[in-house]
Amino acid sequence: MKFKVVIVISMFLLFASGCSNKDELDSLMKPPKLSALQSQISEIMGKFIPKDARLIIPSYGENQKSIEYIDIDGDKKDEAIIFFKEEGKQSYDSKIGFLILIQIKDKWTNEAYISEYGNSIESVTFKDVDGDRKNEIILDYKMEGSSIKNIGIYKENESDFKKIFSAPCSNFILEDLDMDGTMELIVFNDEKCTLYKDDKQGLSEKDEADFLGFEGCSIVVQVVNKSSKAIFVKSESFSKEIMVKDNKLQIIEN
722 MKFKVVIVIS
732 MFLLFASGCS
742 NKDELDSLMK
752 PPKLSALQSQ
762 ISEIMGKFIP
772 KDARLIIPSY
782 GENQKSIEYI
792 DIDGDKKDEA
802 IIFFKEEGKQ
812 SYDSKIGFLI
822 LIQIKDKWTN
832 EAYISEYGNS
842 IESVTFKDVD
852 GDRKNEIILD
862 YKMEGSSIKN
872 IGIYKENESD
882 FKKIFSAPCS
892 NFILEDLDMD
902 GTMELIVFND
912 EKCTLYKDDK
922 QGLSEKDEAD
932 FLGFEGCSIV
942 VQVVNKSSKA
952 IFVKSESFSK
962 EIMVKDNKLQ
972 IIEN
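Structure below.
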């Protein structure tokens, strides 16, 4: 009954607004057609994503879309990053991942297919981790029922993408803390925080320090002077400040 009432009201509003032309009314009643771009992407998804997979949206962060358009490789053309979940027979068999499409002569084609065991994508970040002026894809994901997440960092490698870093974590921060032009990765896990930074061997561990308590804390990154930023971690019982100097962690309790 409610559905019929909605239709009647909608029709009334259409005619009241001056939409009395039959062709115009018919066009409004039809579902919207896919654009050429959407049709191409939909066709490619059907070829490369498993049939039992579905599109998903990251739970947190700035990038909360099932399809993101961003220039990953610095060629001034956006790639399409499509996030999906592949359901398993058991929850631990499920996979999450993403498909990367590139444009070649105005047509979309598959560049990479990445999947990991997991049930949800917590967040997705696009940042230049190693200073080569190209964005890496930072995936934050976890298994159902687990408080521990995983971080995976993926980098373009010629005509494909490869995973250059992976670690379990309760949280992480990726920022240029010493403001030298290269990112620092701080991973919090197992009552420790670990500093990683890119060098000739890739993202390498530089330092580690004890860090008790993280769940329920607020965390923010702020500029503290002309040459450094700090991570401020606060809870009801403590307040700590984390800085990086000469590839070493400095933790100050306030």
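Basically my numbering = 1-based index in the sequence shown + 721. Note that beta-carbon positions come from the ideal geometry of N, C-alpha and C, so glycine has one too. Predicted, not measured: the structure shown is a model, and the values here were computed from it.
- In the structure shown, S867 adopts coil according to DSSP, grouped into three states.
- The secondary-structure analysis by DSSP pairs I825 across a beta bridge with K828.
- Assignment of S763 by DSSP, reduced to helix, strand and coil, places it in the helix class.
- In the DSSP assignment, P771 falls outside any beta strand (DSSP E) and carries neither an H nor an E.
- Look at Y838 here: in three-state DSSP terms it is strand.
- Counting only the Cα atoms, Y781 lies some 8 Å from V845.
- Three or more Cβ pairs closer than 8 Å define a contact, and the region 795-808 falls short of that threshold against the region 861-870.
- Annotation for D899: S949, V965 place their beta carbon closer than 6 Å to its own, counting only its chain and skipping 5 residues before and after.
- When C-beta atoms of the region 823-834 are compared with those of the region 846-865, fewer than three pairs fall below 8 Å, so the two segments do not count as touching.
- In the three-state DSSP reduction, Y790 falls in the strand class (E or B).
- For K798, the CB contacts under 8 Å within the same chain, skipping 5 residues up- and downstream, are D792, I823, Q824 in chain order.
- With a cut-off of 8 Å on Cβ pairs, the region 952-968 is in contact with the region 919-934, counting three or more such pairs.
- With respect to the 9 Å criterion, M904 and D851 are classified as neighbours on the basis of their beta carbons.
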